[in-house]
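Protein sequences, first through last, are from chains A and B.
Taking the working numbering as reference, the numbering of the first sequence is continuous, increasing by one, and the terminal residue is 178.
Taking the working numbering as reference, the numbering of the second sequence is continuous, increasing by one, and the terminal residue is 635.
Please read the structure below before turning to the comments.
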Amino acid sequence: MSRMIVVDPVKCTNCHMCELACSLVTTGAFTPGKSRIRVHAFPADFKHIPLTCFQCASAPCARVCPAGALLQGEGLVRFVKEACIGCRMCMLACPFGVIAFDEPTGVISKCDTCGGDPECVKFCAPKALEFRESALAEAPKGRDFARRVADAAKA
Amino acid sequence: MHGYRGQLLRVDLSAGKSWTEPLEESRARRYLGGRGLGARILMDEVPVGCDALGADNRLVFAMGPLAGTFAPGSGRFVVLGKSPATNGFGEAYTGGSVAHELKYAGYDGIVVQGKASEKVYLAIINDKVEIRPAARLAGQGTLDTEEKIKAELNEPDARIISIGLAGEKAVRFACVMNDTDRAAGRTGLGAVMGAKNLKAIAIRGTGKVTVADPKAFRESSLANLAKIKKHPWLGDSPGSAGALGTAGGVEDLSSMGILPTRNWETGTWEYADRISGMGMKKTILIGHRACQSCPVGCTRVVQVADGPFAGARPEYGGPEYETVASLGSLCENNNIESIALLNQKCNVYGLDTISAGTMIAFAMECFEKGLLTEREIGFPLRWGDASAMVRLLDMIARREGVGDLLAEGTRRAAAKIGKGAADLAVEVKGLELGMHEPRGKKGLALSYATAPRGADHMEGFHDPMVAAPNAWPELGIVKPMDRFTLADKADAVRLAEDYNSFINSLPICSFMSLPIAGIHNTKEITGMLAAATGWTDISFEEEMAIGERAYNLARAFTVRESGGTADDRLPAKLSRSLLGGASKDQVIADAELAPALQAYYRGRGWNDTGTPTQAKLASLGIGDVAQQLKGGSR
Chain A
24 MSRMIVVDPV
34 KCTNCHMCEL
44 ACSLVTTGAF
54 TPGKSRIRVH
64 AFPADFKHIP
74 LTCFQCASAP
84 CARVCPAGAL
94 LQGEGLVRFV
104 KEACIGCRMC
114 MLACPFGVIA
124 FDEPTGVISK
134 CDTCGGDPEC
144 VKFCAPKALE
154 FRESALAEAP
164 KGRDFARRVA
174 DAAKA
Chain B
2 MHGYRGQLLR
12 VDLSAGKSWT
22 EPLEESRARR
32 YLGGRGLGAR
42 ILMDEVPVGC
52 DALGADNRLV
62 FAMGPLAGTF
72 APGSGRFVVL
82 GKSPATNGFG
92 EAYTGGSVAH
102 ELKYAGYDGI
112 VVQGKASEKV
122 YLAIINDKVE
132 IRPAARLAGQ
142 GTLDTEEKIK
152 AELNEPDARI
162 ISIGLAGEKA
172 VRFACVMNDT
182 DRAAGRTGLG
192 AVMGAKNLKA
202 IAIRGTGKVT
212 VADPKAFRES
222 SLANLAKIKK
232 HPWLGDSPGS
242 AGALGTAGGV
252 EDLSSMGILP
262 TRNWETGTWE
272 YADRISGMGM
282 KKTILIGHRA
292 CQSCPVGCTR
302 VVQVADGPFA
312 GARPEYGGPE
322 YETVASLGSL
332 CENNNIESIA
342 LLNQKCNVYG
352 LDTISAGTMI
362 AFAMECFEKG
372 LLTEREIGFP
382 LRWGDASAMV
392 RLLDMIARRE
402 GVGDLLAEGT
412 RRAAAKIGKG
422 AADLAVEVKG
432 LELGMHEPRG
442 KKGLALSYAT
452 APRGADHMEG
462 FHDPMVAAPN
472 AWPELGIVKP
482 MDRFTLADKA
492 DAVRLAEDYN
502 SFINSLPICS
512 FMSLPIAGIH
522 NTKEITGMLA
532 AATGWTDISF
542 EEEMAIGERA
552 YNLARAFTVR
562 ESGGTADDRL
572 PAKLSRSLLG
582 GASKDQVIAD
592 AELAPALQAY
602 YRGRGWNDTG
612 TPTQAKLASL
622 GIGDVAQQLK
632 GGSR
């Protein structure tokens, strides 16, 4: 079974360490603008939403890519840098805005789960990011909700 | 140079220009950043005896080699200048996201000099620096200022430092705010910024911070992170700083008799559980969040939508420990919703919550004793009257009525009131005490008496931290120490101050190096510093020397500006018995403090009036400073 980066926005504290971990491992420097995971903060609503490539099972980016640079796999949309022609059609197609264009290299950049061992997850202290079996990704959320129902019934 | 960006941004508001100045590696290694770098700049550039609110004062914003990275607690910077509260060394630390952003913009710090002819703000978009008019931001609160500037610059991701009305009105405990709810709280530097007509600094940086050895840096950071996560107070436990905030220990402080209450009359309070972290969690708390690169997230987020004290909004965070004590127990205010509102008002106005609460408590006691009348105040000001506190806080920020007097801080206000009011003023060198009762943790009393910025709770140690054996073996603090004694603590206090001064020169959040319950991460911190900078031979001893050098610079600045050290004393209240509770009847008498001071001065290599000697300064490689200290070299 394939695994994915599961995001729990409720646990996110907006510390941005995931972005820094990603930028160091992918660019060799701390530059959050180049991170393949981004935390979007909405202070008035007290919401912090980390977004990264969700490795769609039927990925619009892979379907639209004219160069065969984005390949649909199981639990991973693989990026072949050498094949990328820098047309940015994938950025247009991605519903989540998690594909970026890297000016200096002229190709796109997106999460590759660090080859199955994502660095961002290791630096996420509040455990808002976890690398888990994708089929069970939402199971803890269900359990948390059930717990709240159980608590409410008790009270 | 790795870790650093290798330059400081210089801004002359009188001349309306800016430029960059290189930060050489030799200077970086000697002073590191933060306190060390800032104190050196103040010593070199602030004219002796200058008016803290004049054009000659400097306002320094300083980071160091770790800001911009994922080093735990590195989202930190320090604001420095001559303090309008103490007329000595002024300094205040803050978290949030500005430190990182300034590094990405290309700077290790900003030095502001001069005074703009009209209200301005500074826009720093990478290497593009502009001084822009800010007349329309006059009187605006933090969040409004931020939103208007972001819209004007069309930079929604800009990070912003600003002052509120209190800074514009030169309230002597006005603070510098950033990221809406983060405060560089102490020593009145918001008034310095206001006096320069500088309303705000907007920063957007898209560059990068490199480290010399990414692999080693990552390993040290992860090792440090693992220790932090396992730590009982910083990790995941139900009573941790993440879960309950810094106010998690309020009930414990009260039961130990060291929760400052009723303007320092007692240290125990029956309503402690209403203002504590748990009290907040049961009532107004909606969650917590973190400064950048912080694995803990002690920031409270509260919301109060209705009731007589409605208004607290999530953008403004929530009250931390110092605030619930100063605006809570110190004033006998047990209404947490009002504390949340007062906290938010302090963030909007840009007021130091410690000094603001202390001013109100002082005024309440003056009212009780008839030194300030209902006619002078405009309404009765009774202990615990939260509505009256809200009114008074507004008056202080606006300098209206009696608020104009109280905006001067306890020392100056007490002098104007006369009639023995000075006995009710709880300050050292003009800075109100942090919310930590030295009669029940006497090692702290020594830091309060001697610290460069006045009654400073962040310099030395808090005695309960060293009550267990082997508390801080890295510093040689292995023997348990009784919190009610002062004797034999001078060396330990000095060493803790020096190490903390190193941490403050990095700077990283103090909580990331706390010895409390044995974090023991000095090796990991050294590892991060070495890997970031490439100074692979840096040692704990060199770090202690950096800390001691920074501490002595800060002290020297205060000695130079105050002309002596007769001010190394404690407020009169502390020589009287603490009422009730587990620290009942404790006092700190002059007879107890005097020998401890002498032992401390000797340990520091200062003369018997507490002035750093030529020999000591020379041994730290800052011998030139001695010339600025009259009588410093006997």
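From the three backbone atoms N, C-alpha and C, an ideal C-beta is built for every residue, glycine too.
Quiz item: Where do the ends of the alpha helix (DSSP H) carrying Met40 (chain A) lie?
Solution: From DSSP, the alpha helix (DSSP H) with Met40 (chain A) extends over Met40 to Thr50.
Exercise. Kindly provide the ranges of any alpha helix (DSSP H) runs that are 4 or more residues long and lie completely inside the segment 488-564 of chain B, ordered along the chain.
Key: Complete alpha helix (DSSP H) runs here, min 4: 491-506, 523-534 and 541-563.
Quiz item: Between the segment 175-195 of chain B and chain A, which residues of the former have a C-beta closer than 8 Å to a C-beta of the latter?
Solution: Listed by position, the residues of the segment 175-195 of chain B near chain A (Cβ gap below 8 Å) are Thr181.
Practice problem: Identify which residue in A:His71, A:Gln95 and A:Phe65 has its Cα closest to the Cα of Phe77 (chain A). | Solution: For the set A:His71, A:Gln95 and A:Phe65, the Cα lying nearest the Cα of Phe77 (chain A) is the one of A:Gln95.
Quiz item: Looking at chain A, which residues of the segment 290-304 of chain B have a Cβ within less than 9 Å of any of its Cβ atoms?
Solution: Contact residues of the segment 290-304 of chain B toward chain A are Arg290, Ala291, Cys292, Gln293, Ser294, Cys295, Pro296, Val297, Gly298, Thr300, Val302 and Gln304 (C-beta to C-beta distance below 9 Å).
Self-check item: Nearest residue (CA-CA) to Asp386 (chain B), options B:Thr486, B:Leu10 and B:Glu366
Solution: If we check each option's Cα against that of Asp386 (chain B), B:Glu366 comes out closest.
Quiz item: Given 8 Å as the limit, is there contact between the segment 275-283 of chain B and the segment 328-339 of chain B, that is, 3 or more CB pairs closer than that?
Solution: Result yes; three or more Cβ-Cβ pairs closer than 8 Å.
Quiz item: Beta carbon of Leu235 (chain B): closer than 8 Å to some heavy atom of the ligand NAD?
Solution: As for the ligand NAD, it is missing from this structure, which has no ligand bound.
Exercise. Say whether chain A places a C-beta atom closer than 9 Å to the C-beta of Tyr638 (chain B).
Key: With chain B covering only 2 through 635, there is no way to say anything about residue 638 (chain B).
Self-check item: Close Cβ partners of Thr451 (chain B) (< 6 Å) along its chain, the five nearest in sequence each way excluded
Solution: Excluding sequence neighbours, Thr451 (chain B) sits near Asp569.
Quiz item: At least one CB of chain A closer than 9 Å to the CB of Ile287 (chain B): is that the case?
Solution: So yes, Ile287 (chain B) belongs to the interface.
Quiz item: On the three-state DSSP scale, how would you describe Arg635 (chain B)?
Solution: Any reading at Arg635 (chain B) must be qualified, since the residue scores a pLDDT of 36, below 50, and its modelled position is unreliable; no value is offered.
Quiz item: Which ranges does the beta strand (DSSP E) cover as unbroken runs of at least 3 residues, wholly within the segment 144-214 of chain B, from first to last along the chain?
Solution: List check, beta strand (DSSP E) in window: 160-163, 177-179, 183-185 and 199-205.
Quiz item: Among all the DSSP beta bridges, which residues are the ones paired with Gly82 (chain B)?
Solution: Note: Gly82 (chain B) sits in a beta bridge opposite B:Gly91.
Quiz item: From the beta carbon of Pro141 (chain A), is the nearest beta carbon of chain B less than 9 Å away?
Solution: With 9 Å as the cut-off, Pro141 (chain A) does not count as an interface residue toward chain B.
Quiz item: So what's Ser636 (chain B) in DSSP terms, helix, strand or just coil?
Solution: In the structure as shown, chain B starts at 2 and stops at 635, and residue 636 (chain B) therefore has no counterpart that could be examined.
Quiz prompt | Integer Cβ distance of Ala40 (chain B) from Phe90 (chain B), believed to fall under 8 Å | solution = Contact holds; Cβ gap of about 7 Å.
Quiz item: Taking C-alpha atoms, which residue in B:Pro516, B:Leu507, B:Lys430 and B:Ala557 lies nearest to Gly477 (chain B)?
Solution: Of the residues B:Pro516, B:Leu507, B:Lys430 and B:Ala557, the one whose Cα lies closest to the Cα of Gly477 (chain B) is B:Pro516.
Quiz item: Taking 9 Å as the CB-CB cut-off, is Thr523 (chain B) touching chain A?
Solution: For Thr523 (chain B), the closest Cβ of chain A is not nearer than 9 Å.
Quiz item: Of all Cβ atoms in chain B, is any one closer than 9 Å to the Cβ of Ala148 (chain A)?
Solution: The beta-carbon of Ala148 (chain A) is placed less than 9 Å from the nearest beta-carbon of chain B.
Quiz item: In three-state DSSP terms, what is Lys420 (chain B)?
Solution: Note: Lys420 (chain B) maps to coil in three-state DSSP.
Quiz item: Is the distance from the Cβ of Ala106 (chain B) to the Cβ of Thr207 (chain B) below 9 Å?
Solution: Thr207 (chain B) sits close to Ala106 (chain B), with the two beta carbons spaced by under 9 Å.
Quiz item: Given Gly98 (chain A), which residues of its chain have a CB within under 7 Å of its CB, disregarding the five upstream and five downstream residues?
Solution: Excluding residues within five positions, the ones whose Cβ falls inside 7 Å are Ser25, Arg26, Met27, Gln78 and Ser157.
Quiz prompt | Cβ shell of Ala311 (chain B) (< 7 Å), same chain only, five flanking positions each side left out | solution = Excluding residues within five positions, the ones whose Cβ falls inside 7 Å are Val305.
Quiz item: Between Met40 (chain A) and chain B, is there a C-beta pair that is closer than 9 Å?
Solution: Chain B contact via Cβ: present.
Quiz prompt | Assigned secondary structure, Arg6 (chain B) (DSSP; H/G/I helix, E/B strand, else coil) | solution = Arg6 (chain B) falls in the coil class under three-state DSSP.
Quiz item: So, helix, strand or coil for Ser578 (chain B), using DSSP?
Solution: Correct three-state label for Ser578 (chain B): coil.
Practice problem: Please report how far the alpha carbon of Asp395 (chain B) lies from the alpha carbon of Thr267 (chain B), in whole angstroms. | Solution: Their Cα atoms are separated by approximately 27 Å.
Quiz item: Can you name the residues of chain B whose CB is closer than 8 Å to the CB of Pro83 (chain A)?
Solution: Taking a Cβ-Cβ threshold of 8 Å, none of the residues of chain B is close to Pro83 (chain A); the smallest such distance is about 26 Å.
Practice problem: Confirm, please, whether the CB-CB distance from Ala364 (chain B) to Ile285 (chain B) is below 9 Å. | Solution: No, the Cβ-Cβ distance between Ile285 (chain B) and Ala364 (chain B) is not below 9 Å.
Self-check item: CA-to-CA distance, Met513 (chain B) to Thr300 (chain B), given in whole angstroms
Solution: The straight-line gap from Cα to Cα measures roughly 15 Å.
Self-check item: Neighbour flag for Pro32 (chain A) against chain B, beta carbons, 9 Å
Solution: The beta carbon of Pro32 (chain A) does not come within 9 Å of any beta carbon belonging to chain B, so the residue lies off that interface.
Quiz item: Under the DSSP definition of a beta bridge, which residues are partnered with Phe102 (chain A)?
Solution: DSSP lists A:Leu93 as partners of Phe102 (chain A).
Quiz item: According to a CB-to-CB cut-off of less than 8 Å, which residues of the segment 314-327 of chain B neighbour chain A?
Solution: Cβ contacts with chain A: Arg314, Pro315 and Glu316.
Quiz item: By the criterion of Cβ-Cβ separation under 8 Å, what are the contact partners of Thr54 (chain A) in chain B?
Solution: Within 8 Å of the CB of Thr54 (chain A), the CB atoms of chain B belong to Tyr105, Thr207, Gly208, Lys209 and Val210, in sequence order along the chain.
Quiz prompt | Enclosing alpha helix (DSSP H) for Arg28 (chain B) [first to last residue] | solution = Start and end: Glu26 to Tyr32.
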